[in-house]
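J.: This is the structure I have questions about; it appears just below.
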Amino acid sequence: MDSLEKNNSVFSSSFAAGLTGLRPVSRVVRSTVVTDDFRFRISRATSGNRHSEAFVSVVDAKGKEVSPDRSRVTVAAGRVLDAMRESRSQSGFMLGWDGVDSAVSLSRFPVVGTLLLDCHNVDVEGVGPVSTSIEPAKVSVELRRIADNDGNTLRFEPELGIAVESTESDGESQYRILAPENLLSRNIALDGNVLRSIADIGDNFNIISIFLSSLPPVGLNQWLSLFFTYIDNVTVMLDGHPVEWSHNAAGYEPTIVFTRVDADRSLNMEVARLLPGIDFNLQRRLQFTAVAVDGGDGRPVICRTQQFDLRDSDNDADKIAGMLRYYTPSRAAYKNVYREGSFFIVPPEVAGPFLLHGLPSLLREFRLIGSEHLREYKIQAAFPKINMRMMSSGINFLDTQAEVDIAGEKITLPDLLSQYGNQRFVVLSDGNRAILDDRYMRRLQRIFKVEGSGKDAKVKVSYFDMPEIEALLQAPLEGVAPQQYRAFLEGFRMLPSSELSLPGLNATLRPYQLEGVKWMKYLRDHGMGGCLADDMGLGKTVQTIALLTIIYGGKISADERPRRRGRPRKNENPMNIVADGSILPSLLVMPKSLIFNWESEIARFAPWLSTYTYYGVNRNIDEACRANVVLTTYGMMRNDIDTFRGRTWEYVILDESQNIKNMESQTAKAAFILKCNNRLALSGTPMENNIMELYSLFRFLNPGMLGDAGDFSRQYAIPIQNEADTEAMTSLRRKLYPFMLRRLKRDVLTELPDLTEQTLYTEMEPAHARLYEERRRYYQDIISKSIESDGMQKSQIVIFQALSELRRIASVPNILTDGAVTSPKLDPLVETISEAAANGHKCVVFFNFIAGIELVGERLERLGIDYATMTGSTGDRRSVVQRFQNDADCKVLLLTLKVGGVGLNLTAADTVFIYEPWWNRAAEKQAIDRLHRMGQKMKVTSYSMITRGTIEERIRQLQERKAALFEGLVSSDSTLSKQISQEDVDFILS
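With UniProt numbering, you'll find the sequence shown wraps up at 990, consecutive numbering, no jumps.
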């Protein structure tokens, strides 16, 4: 016997000896049957103005409430029973009068309803047994438009519905009407005989029925504001499209509310901050977190409300008090003005002068409510009604006859604009003075241009203002031109369902890219220019190449080699497609750094398209024009403009079109005078600094569209930038909307890796801080004296020289002090790069000053870290990029923001540093997007380096201060204007 067996034998013997003579324990084997021999019953009861409230109880087969044995039920049913018991405990009672657990409210305890979805023993009173589904369904309200025979909207009929994803292969949703009482809780609904999970609607789910009554057209925005304030996660459909949320917030507007005139003619009024388009009394009773506004394309969008500081409301009331004091005949008379907070009772001797002389000047800042109470003072707020008809049409403007009805009196539109411009009111025949809404009148001034005076005055409107006019009139215009433009706009809605074949493109486009090509082709078909303003990295290049393949109509040729034009290229043409040689060549203008990128992308996606690169010493325009596409730079276009303007081009395409943002520059003037059949602009940042840049862009795209530069500045740029005029912004956005297409990465590239943005703050050493403060004070004094003696405009050069040196001191003081003062950014940057390189990561660092590249480069050399550089003097930029992308040993790329901010693909890196903040936040974003774009497989981390207590902090704060309005106009970051204001200078140097 081996040792193992021996040990086992001893072990067994010891147990046998110890247990001998003992009786085994006896166990009773019980049969436990887990069964749900009861049902969860949902019953409904009506409560007040709410629709029926749902309750859950536990009943047996006869419908009598019971209390099941918790140990004899399934796991799912047990969870429901536990949740019901906990709910009753929270409610403060446990048993009903008969000793049976009482029903639980699903509105108070929605978790019970959620758990019911896992059970199979549920029924609904009046319906019977129901099945359950945990697959989420979508609840919606469709606003069905009811119109008369002429197409005028009579009312909207809201209809509640539920959509369930189909199990069929087509994947389309199944939509069914949903009765409001079938919303059983905030997160479950009864769909026929199926209990379904829905997105959490919120606590107010059981009042949704009050939103389902007929709705007059004038109440649409108020209905939407209330609905989105009180109901969550319900889609509202209008004309077949969901009502979308805007990225912008809606602010409360200063408002004067006239409440009544007493028997002694004392005027009662209140100053308040109110949301536009919502009844005053409703705002006093209810809180709004959302408000519907015009989205610029004739459709409403929903904005979150922007809370205001109560001190702003107090300041508004103080301003009115100051105005009352100014128009009071005597100090004694002002003592009779009663004020309590923002409420005023104004005696007639003060109210009269205030209303006649002070109120018109306030209309630009304050809205009026309750103006019907002012008739006692022979003052009435009137709303002009315009009747107009088109007379004749030109290229950009249409002649029109317009008559205005004010309080029953008819005057010509030129007379109205003249009176309002002179005195801010219109005198009526009975002696009353009509006070007009300043916002409305400014809108008229933006739309209607008056030529001549008196009886010879003529009124013109822009062809591109048709949507704005129809929004103003709230009715469609009659005539050939309005109908044509309306049909043009309606055509955009048909694009998603239209077919487009691209046999000449060696690529498969993403759905949004295909939509972009359709949009560009549609504009070309109608002779309009447009700006493709997609976010960086969304493929503007390939979309444009796809458009070019349509223009040059490639045909498959099995037995014929394609004709080559321009300089020979190394790439072959495996597609065997021949371009249509009868079409004029297209001119594609770009920054120098993008030349090789366009060459390679055309060769890749449309090798049959011939190209000629018009650049360098041996350029030849005759040879160039034998190619389909001529590639050149902005510098070449500017320098050789006489050569380029002597040709007619099929298309002139400007890549990175912000290069013509200054309409007074020679580059922009050269672009304006090029002769072509079609125009296209490509830019991820169509507006970098100020709204006049949009004017320059559209002067190129659609000459005459935005009228005279001076008028555009007065009617749009100044009100939007200086006065935060949201109506002017909405008007401009409505005009530009059809001609700008912008998609954001976060919306269309859901598979793109995350981008993490961080700010790294560094502290100055004492010597550095002393140097900076000394120079700051010095330049503050220099600039102050320059502005005082020469004015703001002539001081711009002095200002920018001063700010530039302060930026150098903040970022690269080493260069200005022969190394005596060291940049606080250098060590943390190099340490982070070293750690990243050691872990196999590549880094890109963007600089404003070349001195920074030199400093960092020296440190990297000492550490033995391989790097590449790119500045404005770098010749072969293609080789630099290819080395960084493909050479595993090259860990770092150092380059200037201007050189590397556009057109480069740097997806081999996953870490990016912005060494100095740029005035233009959009330029920083462009730089980051060189890494965070299609093709990137890794998460990207971006670091912005800021030296505390310096101009760099002020630049960042200034960017944030100026961003909101520009974001609302073109959904893009905004930046510091090159024409810095006095306030900006004071802020930066403070």
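Beta carbons: idealized from backbone N, C-alpha and C, even for Gly.
Predicted model, so just to flag it, every value in this text is computed and none were measured.
(1) If A888 sits next to C843, beta carbons under 8 Å apart, how far is it from one beta carbon to the other, in whole angstroms?
(2) On the DSSP bridge list, what partners appear for Q380?
(3) Between the segment 330-341 and the segment 278-291, can you find at least three pairs of beta-carbon atoms closer than 8 Å?
(4) Please go through the same chain and pick out, in chain order, the residues whose beta-carbon is closer than 7 Å to the beta-carbon of K378, but skip the five residues on each side of it.
(5) Quick check for students: name the residue ranges of the alpha helix (DSSP H) that lie wholly in the segment 737-804, counting only runs of 4 or more.
(6) Per DSSP, Y338 forms a beta bridge with which residues?
(7) Using a 10 Å radius around the Cβ and a threshold of 16 neighbouring Cβ atoms, would you call G864 buried or exposed?
(8) For L744, I'd like the list of residues in its chain whose CB is within less than 6 Å of its CB, leaving aside the five on either flank, ordered along the chain.
(9) On the premise that A189 lies in contact with Y175, defined as a C-beta separation below 8 Å, what is that separation, rounded to the nearest angstrom?
(10) How about the segment 245-257 and the segment 289-302: do they share at least three Cβ pairs that are nearer than 8 Å?
(11) Note the first and the last residue of the continuous beta strand (DSSP E) segment covering K460.
(12) Are V589 and L532 touching if we call contact CB-CB under 7 Å?
(13) Report yes if the CB atom of R699 is closer than 7 Å to the CB atom of A670, and no otherwise.
(14) Give me whichever residues DSSP pairs with residue 992 in a beta bridge.
(15) Less than 6 Å between C-beta atoms, sequence neighbours within five positions excluded: which residues of the same chain meet that for D929?
(16) In the structure shown, what three-state DSSP assignment does Q658 receive?
(17) Decide if the segment 412-428 is in contact with the segment 450-469; the criterion is three or more beta carbon pairs, one per stretch, under 8 Å apart.
(18) Beta carbon of M636, beta carbon of Y612: below 7 Å?
(19) Just verifying my parser: in three-state terms, what is the DSSP assignment at M729?
(20) Kindly list the residues whose CB is nearer than 7 Å to the CB of E157, restricted to its own chain and excluding five residues on each side of it in sequence; keep chain order.
(21) Short of 7 Å in beta carbon distance, which residues of its chain neighbour D866, apart from the five on each side in sequence? Order them along the chain.
(22) How is I718 classed by DSSP in three states: helix, strand or coil?
(23) Pull up the distance between the alpha-carbon of M705 and that of S731, whole angstroms please.
(24) What residue range is occupied by the uninterrupted beta strand (DSSP E) comprising Y552?
(25) Below 8 Å CB to CB, which residues in the same chain sit around V899 once its five sequence neighbours on both sides are set aside?
(26) Buried or exposed, going by whether 16 or more other CB atoms sit within 10 Å of the CB of Y716?
(27) Which residues bound the beta strand (DSSP E) around V124?
(28) Should E572 go down as buried or exposed, given a rule of 16 or more other Cβ atoms within 10 Å for buried?
(29) Once the 5 residues before and after Q307 are set aside, which same chain residues still bring their CB inside 6 Å of it?
(30) Please classify E499 as buried or exposed, where buried requires at least 16 neighbouring CB atoms within 10 angstroms.
(31) Reducing DSSP to helix, strand and coil, say where F913 ends up.
(32) How would you label L310, buried or exposed, when you count the other beta carbons within 10 angstroms and need 16 or more for buried?
(33) Just curious, the beta strand (DSSP E) that W245 is in, first and last residue?
(34) Please determine if the segment 202-222 and the segment 121-135 are in contact, where contact requires at least 3 C-beta pairs separated by less than 8 Å.
(35) Candidates A724, N689, S657: which alpha carbon is nearest L701's?
(36) What number of angstroms, rounded off, separates the C-alpha of D150 from the C-alpha of E470?
T.: Checking against the coordinates, here is how it stands:
(1) In the sequence shown, residue 888 corresponds to position 888, counting from 1. In the sequence shown, residue 843 corresponds to position 843, counting from 1. Going by Cβ atoms, the distance from A888 to C843 rounds to 14 Å, so no, they are not a contact pair.
(2) Working through the sequence shown from its first residue, we reach residue 380 at position 380. BP columns for Q380 point to A434.
(3) With fewer than three CB-CB distances shorter than 8 Å, the segment 278-291 does not count as touching the segment 330-341.
(4) Position 378 of the sequence shown, counted from the first residue, corresponds to residue 378. Excluding sequence neighbours, K378 sits near G431, N432, R433.
(5) 745-748, 766-794
(6) As a first step, residue 338 is located in the sequence shown; it is residue number 338 there, counting from the start. For Y338, which the question treats as bridged, DSSP gives the partners I345.
(7) Numbered from 1 along the sequence shown, position 864 holds the residue referred to as residue 864. By the neighbour-count rule (16 or more Cβ atoms within 10 Å), G864 is not buried but exposed.
(8) Along the sequence shown, read from residue 1 onward, the residue named residue 744 stands at position 744. Only D535 meet the Cβ criterion.
(9) Walking along the sequence shown from the start, residue 175 turns up at place 175. Walking along the sequence shown from the start, residue 189 turns up at place 189. Going by Cβ atoms, the distance from Y175 to A189 rounds to 13 Å, so no, they are not a contact pair.
(10) They touch, by the three-pair rule.
(11) What you label residue 460 is simply residue 460 of the sequence shown in a count that begins at 1. For K460, the enclosing beta strand (DSSP E) stretches over residues 458-462.
(12) Reading the sequence shown from its first residue, position 589 is the one you call residue 589. Reading the sequence shown from its first residue, position 532 is the one you call residue 532. No, these two residues do not count as a Cβ contact at 7 Å.
(13) The residue labelled residue 699 in the question sits at position 699 within the sequence shown. The residue labelled residue 670 in the question sits at position 670 within the sequence shown. Their beta carbons are not under 7 Å apart, which means R699 does not touch A670 by this criterion.
(14) The first residue shown for the chain is 1 and the last is 990, placing residue 992 beyond what the model contains.
(15) Position 929 of the sequence shown, counted from the start, is the residue given in the question as residue 929. Cβ within range, chain order: M536, G537.
(16) As a working mapping, residue 658 is identified with position 658 in the sequence shown. Q658: helix per DSSP, three-state reduction.
(17) yes
(18) Locating residue 636 in the sequence shown gives position 636, where the first residue counts as 1. Locating residue 612 in the sequence shown gives position 612, where the first residue counts as 1. In this structure, Y612 does not lie closer than 7 Å to M636 by Cβ.
(19) Start at 1 with the first residue of the sequence shown, and residue 729 comes out as number 729. M729 falls in the helix class under three-state DSSP.
(20) Here residue 157 corresponds to residue number 157 of the sequence shown, with the count starting at 1. R144, I146, S214.
(21) In the sequence shown, residue 866 corresponds to position 866, counting from 1. If we look at D866 and ignore the five residues flanking it on each side, its Cβ neighbours are D889, C890, K891.
(22) Translated into positions along the sequence shown, residue 718 becomes position 718. The answer is helix: DSSP assigns I718 an H, G or I state.
(23) On the sequence shown, residue 705 is found 705 positions in, with the first residue counted as 1. On the sequence shown, residue 731 is found 731 positions in, with the first residue counted as 1. Distance between the alpha carbons of M705 and S731: 14 Å.
(24) On the sequence shown, position 552 is the one that residue 552 refers to. Counted as a single uninterrupted DSSP element, the stretch harbouring Y552 is not any beta strand (DSSP E), since DSSP gives it neither H nor E.
(25) Translated into the one-based positions of the sequence shown, residue 899 becomes position 899. For V899, where only same-chain residues beyond five positions count, the Cβ hits under 8 Å are S593, M870, T871, G872, T874, R877.
(26) In the sequence shown, residue 716 corresponds to position 716, counting from 1. When all chains shown are included, Y716 counts as buried.
(27) Taking the first residue of the sequence shown as position 1, residue 124 is located at position 124. Counting along the chain, the beta strand (DSSP E) containing V124 begins and ends at 122-124.
(28) Counted from its first residue, the sequence shown places residue 572 at position 572. Annotation note: pLDDT 49 at E572 (below 50); position unreliable, coordinate value reported separately. So E572 counts as exposed.
(29) Taking the sequence shown and counting its residues from 1, the one referred to as residue 307 is at position 307. Excluding sequence neighbours, Q307 sits near nothing in its chain.
(30) Within the sequence shown, numbered from 1, the residue matching residue 499 stands at position 499. Classification for E499: exposed.
(31) Translated into the one-based positions of the sequence shown, residue 913 becomes position 913. Secondary structure of F913 (DSSP, three-state): strand.
(32) As a first step, residue 310 is located in the sequence shown; it is residue number 310 there, counting from the start. Classification of L310: exposed, given that the 10 Å Cβ count is below 16.
(33) For the purposes of this step, residue 245 is taken as residue 245 along the sequence shown, with counting starting at 1. Start and end: 245-251.
(34) The segment 202-222, when compared against the segment 121-135, does not touch it at the 8 Å Cβ threshold.
(35) Counting from one through the sequence shown, the residue named residue 701 turns up at place 701. Considering only alpha carbons, the answer is S657.
(36) On the sequence shown, residue 150 is found 150 positions in, with the first residue counted as 1. On the sequence shown, residue 470 is found 470 positions in, with the first residue counted as 1. The alpha-carbon atoms of D150 and E470 are separated by roughly 15 Å.
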